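Engineer:
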Amino acid sequence: MAERSTAAVDVADNSGDEPLTAKADEATTDGTAQAEDTKGASPKDTENTDGGGERSEAVPASPDLHSGHKLAGRYRLEECVTRLDGFSSWRAVDEKLRRAVGVHLLPADHPRARSVLAAARSSALLGDPRFVQVLDAVEENDLVYVVHEWLPDATELTALLATGPMEAHDAYQLVSQLSQAMAAAHREGLSHLRLTPGAVLRSSTGQYRIRGLAVNAALRGITAERPLRTDTEAIGALLYAALTHRWPYGDDAHGLAGLPKGLGLIAPDQVRAGVHRGLSELAMRALANDGATASRQEPPCTTPDELAKAVAAMPRILPPEPTFTAPPAYQRTTYQQGTYGRPSSHPSAVTQPVMAAPPPPLQSRAGRALKWTVSALLIAALGLGSWQLAEALLDRTKSSDDTGVTEPNEDDKNKGEKPAPSAEPLDIAGATEFMPDGSGIKQRDVANSVDGSAGTSWVTPRYEGFANFGNLPQRKQGSGIIVDLGKVRDVSGVDVSMYRSGQTTTVLAASPDASSPSTTADFDQPIVKRTVAGSTLKEKLDEPVRTRYVLIHITELPSDGTGGYRGGITDISVLG
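Have a look at this one:
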């Protein structure tokens with residue numbers, strides 16, 4: 232079950248609803264080939280008003296395709312995992328790149344075809360690795376199909392919750408990563424609206440990834456008047472389920488039992504003993520949109536960004552200490568027991584006689600005399616040696632006094648030496664994107680590169696075909712970040728955390744009299760020569776340079792493992 236659930240990435244439905252057909256149910260064991268009803272959904276999911284919900288409309292039948300069919304002469308369909316509501320989802324193989332992918336298919340005349348294409352293309356432009364990536368969105372031969380990543384090594388949250396409630400540390404990581412990811416998506420104008428346990432995957436490294444961003448809702452015609460609150464409440468429901476192993480509504484869903492009828496929404500620490508108090512209150516603050524009240528007076532969290540800040544304000548929850556298991560008692564080998572190479576004994580064998588222990592040595596009169604003689608000689612030798620050593624030390628001290636020369640001690644030696652000054656990070660007044668051709672790529676995220684946080688980054692879009700930013704004309708000189716120190720300072724080095732290893736990077740400084748430098752010609756003082764940077768790029772200059780502006784210039788990007796290229800900068804420190 233775990234293997235299938237990890238592979239079915241971003242399939243049509245992630246709810247706990249009943250399957251449409253037996254054939255579709257046999258095609259997947261992760262609960263994804265399922266029909267749409269309102270079982271186990273929150274009250275907001277069942278509305279058919281302007282406030283949100285799923286639109287009821289007549290749709291054509293899903294395309295009648297079969298295993299082995301190829302799309303664009305490249306994507307070979309392997310297994311249908313969902314056939315529902317006029318569309319189907321498949322596991323497929325990209326024969327060009329020789330990798331597994333997922334494909335959504337629907338007729339071009341489907342009433343949601345245009346919205347699915349728009350949602351897929353918007354999701355692909357986000358380029359955030361915390362989401363399952365959309366690789367292609369095409370309308371061809373009366374078909375619309377969306378190609379996305381297929382993650383065989385990840386585990387669906389539904390499978391993780393099936394084993395019982397999570398440890399506090401795991402639940403903390405879940406809500407922290409999901410809230411931060413959805414906050415980033417909402418900043419780009421993207422919502423999920425279908426964030427259920429089936430839409431969340433955990434990789435082998437413990438990182439959570441969200442599938443079906445915007446696409447799942449578009450496939451089903453789901454809209455919401457307040458998408459920020461809808462996604463926030465969904466994250467709160469996932470946290471509630473992780474803490475209690477119960478779904479926070481009256482009906483069963485996603486393999487979890489619902490809450491008892493008539494009780495309403497009660498706090499997780501009242502459902503199960505031992506629940507972390509801070510996480511319990513956090514779940515209630517996220518679910519407060521549905522009428523819940525937190526046990527204390529904190530306001531409800533109505534956006535993923537507010538939820539992420541509330542998580543960050545909590546004391547960090549550490550993983551449990553590993554339990555130490557005592558090693559088994561040491562067993563001597565047959566060789567150590569003295570039985571190696573001996574024939575096994577028989578019951579009738581005669582027991583070997585025990586040899587008497589020899590008497591202690593030197594117990595006779597002559598032996599005792601010899602011991603005393605040796606002891607006396609050792610004492611005499613020790614006394615003679617001590618006397619000779621003392622005489623040598625006295626002679627040395629006298630010689631030093633006669634010449635008037637004394638050996639300086641370590642403190643005297645260090646008094647005349649000045650400690651080497653340590654490089655300190657300089658204050659950064661601002662940062663802008665390096666745009667030599669006048670066009671930017673992610674200007675709104677530039678502040679993430681100088682905020683001192685390892686959790687935020689300035690990340691380039693995904694480029695295909697060429698490492699030099701897709702060989703696009705407006706990207707011939709690459710991109711990067713220009714740091715403004717506010718005034719001319721002495722710069723002695725840099726310490727840059729890169730978003731990904733393998734980026735070809737140069738660090739340059741503008742001349743002291745430069746004003747608003749914007750081209751590489753304006754930066755004529757090298758700090759780091761052209762190099763392929765690792766996860767960090769550090770440099771300490773022998774002689775500082777005077778400048779106000781420092782450019783971290785990226786000209787080539789590393790592969791993202793999917794046939795494209797992407798890079799970026801996580802944090803910049805300019806040292807003085």
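Reminder that position 245 of the sequence shown reads as 476 in the numbering used here, one-by-one numbering, no gaps. Beta carbons are placed, not taken as given, at the ideal position from N, Cα and C, and that holds for glycine. In this text, all values refer to a predicted model and were calculated from it rather than measured experimentally.
On the three-pair Cβ rule with 8 Å, is the segment 506-517 touching the segment 541-551?
Structural biologist: The segment 506-517 vs the segment 541-551: in contact.
Engineer: Between the beta-carbon of Thr-735 and the beta-carbon of Arg-706, is there less than 8 Å?
Structural biologist: It is not a contact, given that the beta carbons lie outside the stated cut-off.
Engineer: Can you list, in chain order, the residues of its chain with a C-beta nearer than 7 Å to that of Gln-619? Leave out the 5 residues immediately preceding and following it.
Structural biologist: Closer than 7 Å at Cβ, skipping near neighbours: no residue.
Engineer: What do you reckon, are the CB atoms on Ile-497 and Val-406 nearer than 8 Å?
Structural biologist: Taking 8 Å as the Cβ cut-off, Ile-497 and Val-406 do not qualify as a contacting pair.
Engineer: Given that a residue counts as buried once 16 or more other Cβ atoms are within 10 Å of its Cβ, and exposed if not, what is Trp-689?
Structural biologist: So Trp-689 ends up on the buried side.
Engineer: Verify the contact flag: Ala-390, CB atom, against every heavy atom of the ligand ZN, threshold strictly below 7 Å.
Structural biologist: Looking for the ligand ZN in the displayed structure turns up nothing, as the structure carries no ligands at all.
Engineer: Classify Asn-702: buried if its beta carbon has 16 or more other beta carbons within 10 angstroms, exposed otherwise.
Structural biologist: The residue is exposed, with fewer than 16 neighbouring Cβ atoms inside 10 Å.
Engineer: Should Ser-354 and Leu-421 be called a contact, given that it needs their Cβ atoms to be closer than 8 Å?
Structural biologist: The answer is yes: Cβ separation under 8 Å.
Engineer: Cutting at 7 Å between CB atoms, please list the residues of its own chain near Val-502, excluding the five before and the five after it.
Structural biologist: So the list reads Thr-475 and Arg-477, once near-sequence residues are dropped.
Engineer: Going by the CB atoms, is the gap between Leu-328 and Arg-376 shorter than 8 Å?
Structural biologist: Checking the sequence, you will find Tyr at residue 376 rather than Arg. Not closer than 8 Å, so no.
Engineer: Put Gln-756 into one of helix, strand or coil per three-state DSSP.
Structural biologist: Correct three-state label for Gln-756: strand.
Engineer: Which same chain residues, not among the five before or five after Ser-293, have their C-beta less than 6 Å away from its C-beta?
Structural biologist: Counting only Cβ-Cβ distances below 6 Å, and skipping sequence neighbours, we find Arg-314, Gly-317, Phe-318 and Ser-319.
Engineer: Exposed or buried, which one is Thr-786 when buried takes at least 16 other CB atoms within 10 Å?
Structural biologist: By the 10 Å Cβ count, Thr-786 comes out buried.
Engineer: So Ala-660 and Asp-715 are in contact, right, with Cβ under 8 Å, and what is the actual spacing, rounded?
Structural biologist: Rounded, the Cβ-Cβ distance is 5 Å, consistent with contact.
Engineer: Name the two residues that bound the continuous beta strand (DSSP E) containing Thr-736.
Structural biologist: Counting along the chain, the beta strand (DSSP E) containing Thr-736 begins and ends at 734-740.
Engineer: Check the C-beta distance from Leu-782 over to Val-738 and give it rounded, since I have them as a contact under 8 Å.
Structural biologist: Indeed, because the Cβ distance is near 7 Å, the residues count as touching under 8 Å.
Engineer: Counting only the same chain and skipping the five closest in sequence on each side, list residues whose C-beta sits under 7 Å from that of Gly-683.
Structural biologist: The residues are Asp-802.
Engineer: Which term fits Trp-381, buried or exposed, when burial requires 16 or more other beta carbons within 10 angstroms of its beta carbon?
Structural biologist: It counts as buried.
Engineer: Helix or strand or just coil, what does DSSP make of Gly-717?
Structural biologist: Looking at Gly-717 - three-state DSSP - the assignment turns out to be strand.
Engineer: Have a look at Thr-750, Val-719, Glu-695 and Leu-450 and flag the residue whose alpha-carbon is nearest the alpha-carbon of Leu-356.
Structural biologist: For Leu-356, the nearest C-alpha among the options comes from Glu-695.
Engineer: Just tell me which of Pro-491, Thr-534, Leu-432 and Glu-310 has its CA closest to the CA of Gln-411.
Structural biologist: It is Thr-534 whose Cα lies nearest to the Cα of Gln-411.
Engineer: Would you say the segment 358-366 touches the segment 436-446, given that touching needs at least three Cβ pairs under 8 Å?
Structural biologist: As far as the Cβ criterion goes, the segment 358-366 touches the segment 436-446, which means the pair count is three or higher.
Engineer: Measure from the alpha carbon of Pro-396 to the alpha carbon of each residue in Ala-472, Ser-680, Thr-436 and Ser-749, then state which is nearest.
Structural biologist: If we check each option's Cα against that of Pro-396, Ala-472 comes out closest.
Engineer: Determine the extent of the beta strand (DSSP E) in which Tyr-306 is found, giving its start and end residues.
Structural biologist: Counting along the chain, the beta strand (DSSP E) containing Tyr-306 begins and ends at 306-315.
Engineer: If you drop the 5 nearest sequence neighbours on each side, which residues of the same chain put their C-beta closer than 7 Å to that of Ser-670?
Structural biologist: Gln-705.
Engineer: Tell me which residue opens and which closes the beta strand (DSSP E) that His-379 is part of.
Structural biologist: Run containing His-379: 374-380, per the beta strand (DSSP E) assignment.
Engineer: Does the beta-carbon distance from Leu-424 to Ala-448 come in below 8 Å?
Structural biologist: In this structure, Ala-448 lies closer than 8 Å to Leu-424 by Cβ.
Engineer: As a quick exercise: from Ser-804, Gly-358, Leu-613 and Ala-685, pick the residue whose alpha carbon is nearest that of Glu-419.
Structural biologist: Among Ser-804, Gly-358, Leu-613 and Ala-685, the Cα nearest to that of Glu-419 belongs to Gly-358.
Engineer: What are the start and end residues of the alpha helix (DSSP H) that includes Ser-511?
Structural biologist: First-last of the alpha helix (DSSP H) with Ser-511: 508-517.
Engineer: Quick check: the Cα distance between Asp-791 and Leu-296, rounded to an integer number of angstroms?
Structural biologist: Their backbone Cα atoms lie some 32 Å apart in a straight line.
Engineer: Using a Cβ-Cβ cut-off of 7 Å (strictly less than) and excluding sequence neighbours within five positions of Pro-578, which residues of its own chain qualify?
Structural biologist: The pLDDT assigned to Pro-578 is 49, lower than 50, so where the model puts this residue is not dependable; a value taken from the coordinates is nonetheless given after this. No residues qualify anywhere along the chain.
Engineer: Under the rule that 16 or more other beta-carbon atoms within 10 Å means buried, what is Asp-676, buried or exposed?
Structural biologist: The residue in question, Asp-676, is buried, as its Cβ has 16 or more Cβ neighbours within 10 Å.
Engineer: Helix, strand or coil for Ala-703 per DSSP?
Structural biologist: The residue asked about is misnamed: residue 703 is Leu in this sequence, not Ala. Three-state DSSP puts Leu-703 in coil, outside helix and strand.
Engineer: Could you pull the start and end residues of the beta strand (DSSP E) that Gly-437 belongs to?
Structural biologist: Element bounds for Gly-437: n/a, residue is neither H nor E.
Engineer: Could you pull the DSSP bridge partners for Glu-456 from this structure?
Structural biologist: According to DSSP, which records beta bridges pairwise, Glu-456 is partnered with nothing at all.
Engineer: How big is the Cα-Cα spacing for Lys-646 and Ile-672?
Structural biologist: With a pLDDT of only 49 at Lys-646, under the threshold of 50, the placement of this residue in the model should not be trusted; the figure read from the coordinates follows. Straight-line Cα distance between these residues: approximately 55 Å.
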